Amino acid sequence: MGQWFECLVARILIIPYQEGWIAIKDTVIEDPSTGNVQVSLLFIPLLIGGFLRSHYILSLALFIPCVVIERIIASLFIRTYEKHPRIYVSTTMLTCSHLLSIFLSYKTVQWRYSYFQIIITFTLVLSTTVTIFAILYAYNSSVTRRLELQHRRYGYHLGKRFQAKENLKSLKLVRRITVVGIFLFLVAALFIALVASQLLPNGFHRISLQLSEIVLNLNPLFVIPPVAVRIPLWKSKLTATIPSIFRKRLSCSQSVRPLEYRARRTVT
5 MGQWFECLVA RILIIPYQEG WIAIKDTVIE DPSTGNVQVS LLFIPLLIGG
55 FLRSHYILSL ALFIPCVVIE RIIASLFIRT YEKHPRIYVS TTMLTCSHLL
105 SIFLSYKTVQ WRYSYFQIII TFTLVLSTTV TIFAILYAYN SSVTRRLELQ
155 HRRYGYHLGK RFQAKENLKS LKLVRRITVV GIFLFLVAAL FIALVASQLL
205 PNGFHRISLQ LSEIVLNLNP LFVIPPVAVR IPLWKSKLTA TIPSIFRKRL
255 SCSQSVRPLE YRARRTVT
C-alpha cells in the first residue's frame, strides 16, 4: 500500500502531458549520426513519471516471485525457520527486487525493450512462479494434513507443525492476491486491446483508456479488501468502516472451518 504513493506521484507528473497541457512534440531532437535524442527540460517530469510508474508496475509483478522464493526457503528450514528468524532472507529479496525493477524501469524508459519482449518475459516468469507456487502449496498442504492426523507416526515436532501452517497461511493469502491481480490485469488488457483493435467507436476509446487507468492507478481498492477479510484483525477494522447495511451481511457470512476440526472429523 505504501508503494502506491509512487504511482500517485507518477500520475501527477504524467497527467499534464497526457491531457495536452504541456506540448513536447517540438522539443525532441534526434541526432541522425549518433542516434542520441536530445530533449527539452520540459520533458524531464514526464521522464521521471514514466520511470516511477514502470518501477511501481514491475515491483508489483516481482512481488509474487519474491514471496514464493521466501516460502521455499521457509519450507527448507521448516524446523527452525520461526525459532531462528532469518531477516537476511526478506532483506535480500526486497533489495534484489527493487534493484531489478529499477534496472528494468530504466531500460523501459530508454525504450530498449519492446512491449512484446516485456510481455513475453513476464508471462514466462509468472507462469513459472505460479507452477512453483502450486507445487509448494500442495506440499505444505500434504505436510499439514499428515501433522494433524499422524504427527506421532511421522515424528514431526511442534516447530515443524507450526511452520507448515504458517507456510500454508501465507500461500493462501498470496493465492488470493494473485487471483485478484490476474483479473485486474486481464480487465486492463481487455480495454487496451479494444482500443488498439479499433473495434469500438471513437467515442469509446477515451472511456476504455480511462477505465484501464483506473484499474492500474487504483488497484489497492480492489486488492486490499479481499486480502483484509482473510486476516481477523484487518477484517474487524474493515467491517467497522463499511455501512451498517452491508456490515451485517459480511459478519453473517459463512466462515471456513479450521483444519483441526476437519482433522478430528476425519479421524472420527
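In this text, residue positions in the sequence shown follow the numbering used here: the first is 5, and each later residue adds one. Here a beta-carbon is modelled for each residue, glycine too, at the ideal position from N, C-alpha and C. All values reported here derive from a predicted model rather than from experimental measurement.
Tell me which same chain residues have a C-beta within less than 6 Å of the C-beta of N144, skipping the five on either side of it?
Sequence index remark: in the sequence shown, residue 144 carries index 140 (1-based). Cβ within range, chain order: A168, N171 and L172.
Measure the C-alpha to C-alpha separation of G53 and K239 and round it to an integer number of angstroms.
Within the sequence shown, numbered from 1, the residue matching residue 53 stands at position 49. Within the sequence shown, numbered from 1, the residue matching residue 239 stands at position 235. Those two C-alpha atoms are separated by around 34 Å.
Rounded distance between the beta-carbons of I68 and T133, thought under 8 Å
Residue numbering aside, residue 133 sits at position 129 when the sequence shown is read from its first letter. Residue numbering aside, residue 68 sits at position 64 when the sequence shown is read from its first letter. Right, the Cβ-Cβ distance comes to about 6 Å (below 8 Å), so this counts as a contact.
For R261, which residues from the same chain have a beta carbon less than 8 Å from its beta carbon, with the 5 sequence-adjacent residues on both sides left out?
Here residue 261 refers to the residue found at position 257 of the sequence shown. For R261, the predicted model reports a pLDDT of 45, less than 50, meaning its position is unreliable and no value from the coordinates is stated.
Determine the direct distance from the alpha carbon of E217 to that of A197, and round the result to whole angstroms.
Within the sequence shown, the letter at position 193 stands for residue 197. Within the sequence shown, the letter at position 213 stands for residue 217. Going from the Cα of A197 to the Cα of E217 covers about 14 Å.
Within the same chain, show all residues whose beta-carbon is closer than 6 Å to that of E284, passing over the 5 residues directly before and after it, in chain order.
With the chain covering 5 to 272 only, the question about residue 284 has no answer from this structure.
Leaving aside the five residues before and after A193 along the sequence, list all residues of the same chain whose C-beta is less than 7 Å from its C-beta, in chain order.
Counting from 1 along the sequence shown, the entry for residue 193 is found at position 189. Around A193: no qualifying Cβ.
May I ask you to report which of helix, strand or coil DSSP gives P205?
Start at 1 with the first residue of the sequence shown, and residue 205 comes out as number 201. Three-state result, P205: coil.
Give the straight-line distance between the Cα atoms of T135 and S146, rounded to the nearest whole angstrom.
The residue you call residue 135 lines up with position 131 of the sequence shown. The residue you call residue 146 lines up with position 142 of the sequence shown. Using only the alpha carbons, I get a separation of about 17 Å.
Other residues of its chain near V113: CB distance less than 8 Å, five sequence neighbours each side excluded:
Stepping through the sequence shown from its first residue, residue 113 is reached at position 109. The beta carbon of V113 is closer than 8 Å to those of L51, G54, F55 and S58 in its chain, skipping five residues each way along the sequence.
Helix, strand or coil: which one does DSSP assign to P236?
Stepping through the sequence shown from its first residue, residue 236 is reached at position 232. Helix, per DSSP.
Do F137 and L177 have their C-beta atoms within less than 8 Å of each other?
The residue labelled residue 137 in the question sits at position 133 within the sequence shown. The residue labelled residue 177 in the question sits at position 173 within the sequence shown. Not closer than 8 Å, so no.
Which listed residue (K241, L222, F226 and L203) has its alpha carbon closest to that of W8:
Taking the sequence shown and counting its residues from 1, one reaches residue 8 at position 4. The option with the nearest alpha carbon to W8 is L222.
In its own chain, which residues sit with a C-beta less than 6 Å from the C-beta of S259, not counting the 5 before and 5 after it?
Indexing the sequence shown from 1 puts residue 259 at position 255. Confidence at S259 is low in this model, with a pLDDT of 45, below 50, so its placement is unreliable and no value can be given for it.
Can you tell me the Cβ-Cβ gap for L140 and S79, rounded? I've got them flagged as a contact below 8 Å.
In the sequence shown, the residue the question calls residue 140 occupies position 136. In the sequence shown, the residue the question calls residue 79 occupies position 75. With 8 Å as the limit, L140 and S79 qualify as a contact, their Cβ atoms being about 7 Å apart.
Kindly list the residues whose CB is nearer than 8 Å to the CB of R179, restricted to its own chain and excluding five residues on each side of it in sequence; keep chain order.
By one-based count along the sequence shown, residue 179 stands at place 175. Within the same chain, R179 has close Cβ partners F137 and Y141.
How many Å lie between P230 and L108 at the Cα?
Translated into positions along the sequence shown, residue 230 becomes position 226. Translated into positions along the sequence shown, residue 108 becomes position 104. Approximately 30 Å between the Cα atoms of the pair.
Where do the ends of the alpha helix (DSSP H) carrying Q22 lie?
Within the sequence shown, the letter at position 18 stands for residue 22. W8 to Q22 is the extent of the alpha helix (DSSP H) around Q22.
At which residues does the alpha helix (DSSP H) containing L222 begin and terminate?
The residue given as residue 222 occupies position 218 in the sequence shown. Neither: L222 is in no alpha helix (DSSP H) and is coded neither H nor E.
For the putative contact between V227 and V199, defined by C-beta atoms under 8 Å, what is the C-beta separation to the nearest angstrom?
Here residue 227 refers to the residue found at position 223 of the sequence shown. Here residue 199 refers to the residue found at position 195 of the sequence shown. Actually they do not touch by this definition, with Cβ atoms about 24 Å apart.
Would you kindly work out how many angstroms separate the C-alpha atoms of L203 and T245, rounded to a whole number?
Mapped onto the sequence shown, residue 203 falls at position 199. Mapped onto the sequence shown, residue 245 falls at position 241. Looking at the two C-alpha atoms, the distance is approximately 41 Å.
Mind checking whether L225 and F195 have CB atoms under 8 Å apart?
Here the question's residue 225 lines up with position 221 in the sequence shown. Here the question's residue 195 lines up with position 191 in the sequence shown. In this structure, F195 does not lie closer than 8 Å to L225 by Cβ.
What separation, rounded to the nearest whole angstrom, lies between the Cα atoms of P20 and I91?
As a first step, residue 20 must be located in the sequence shown, where it is residue number 16. As a first step, residue 91 must be located in the sequence shown, where it is residue number 87. It is roughly 42 Å from the alpha-carbon of P20 to the alpha-carbon of I91.
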